[in-house]
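Novice: Pasting a structure below so you can have a look.
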Amino acid sequence: MAGRNQRDLRGLDVGCGTGRLLAFLHDAWPGLRLSGLDLSAPYLTEARRLIGRTARVKLIEGAAEKLPFEDGSLDFIVSSFLMHELPQAARTEVLAEMARVVKPGGLVVIVDSIQKGDQPQWDGLIDLFPHYFHEPYYAAYANGSLEAWGEAAGLKPVASERAFLSKVAAFAKK
1 MAGRNQRDLR GLDVGCGTGR LLAFLHDAWP GLRLSGLDLS APYLTEARRL IGRTARVKLI
61 EGAAEKLPFE DGSLDFIVSS FLMHELPQAA RTEVLAEMAR VVKPGGLVVI VDSIQKGDQP
121 QWDGLIDLFP HYFHEPYYAA YANGSLEAWG EAAGLKPVAS ERAFLSKVAA FAKK
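Start counting the sequence shown at 1; every next residue gets the next number (the working numbering).
As structure tokens, this is what we get:
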């Protein structure tokens, strides 16, 4: 966003939940035009309460597998802790949809759990996680590669870093 007029930028939070990330983005860059999409009406109600009344943030109830945006219409997309909640087929569709709606040169930033091999000494912990918590799709997520899935969807990995047990992966539209 450096050097760009925030009022000209459009962003989307996929799986926005209760809106905490959207609220942070709106507070940091109040000129951005933001949308948040989530399947849960109760979560969106909480997001509306948290963010408050503003024409700059639009909340949408819907599925990430079918984003209600035109091709190449968004400057950036964020998503936090959604990918490990999805079955593989849905994860593939969501990433393809992100690639479809982000502009060429646009940015997609995904935060989720680390995956096996990201921090090899913690691979055993990753194996145990779905056994102790109800996470039916976590093992398939943890044994895969977010970067490879993004590339298969038409996104180019441009950065990746760990933040304790989380990974932040950034992609550019190819």
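Positions of the beta carbon are idealized from the N, C-alpha and C atoms, including for glycine.
So, are the CB atoms of A47 and L59 less than 8 Å apart?
Specialist: yes
Novice: Is DSSP giving A136 helix, strand or coil here?
Specialist: Reading off the sequence, residue 136 comes out as Pro, not Ala. It is coil, neither helix nor strand.
Novice: Can you tell me which of the three DSSP states D123 falls into?
Specialist: helix
Novice: How many angstroms separate the CA atom of A153 from the CA atom of F164?
Specialist: 27 Å
Novice: Residues in the same chain with beta-carbon distance under 7 Å from L22, minus the five sequence neighbours each way, listed in chain order, please.
Specialist: D13, C16, L34, G36, A47, I51 and V57
Novice: What's the C-alpha gap between L82 and K66?
Specialist: 15 Å
Novice: Taking Cβ positions, are K173 and G106 nearer each other than 8 Å?
Specialist: yes
Novice: Taking the alpha carbon of A63 as the point to measure from, which residue in S166, L44, S73 and T54 has its own alpha carbon closest?
Specialist: L44
Novice: Could you please give the first and the last residue of the uninterrupted alpha helix (DSSP H) stretch that includes D27?
Specialist: R20 to A28
Novice: Tell me whether the segment 97–104 and the segment 128–138 touch, counting them as touching only if at least three CB pairs, one residue from each stretch, are closer than 8 Å.
Specialist: no
Novice: Please list the terminal residues of the continuous beta strand (DSSP E) segment that includes P157.
Specialist: L155 to A163
Novice: Have a look at A139 and W122 and give me their C-alpha separation to the nearest angstrom.
Specialist: One C-alpha to the other measures close to 14 Å.
Novice: Is A172 helix, strand or coil when you go by DSSP?
Specialist: strand
Novice: Just list the residues that DSSP pairs H145 with in beta bridges.
Specialist: This sequence places Ser at residue 145; His is not what is there. Paired residue(s): none; S145 is not in a bridge.
Novice: Can you tell me whether DSSP reads R56 as helix, strand or coil?
Specialist: coil
Novice: Tell whether a beta-carbon distance below 8 Å holds between E147 and A169.
Specialist: yes
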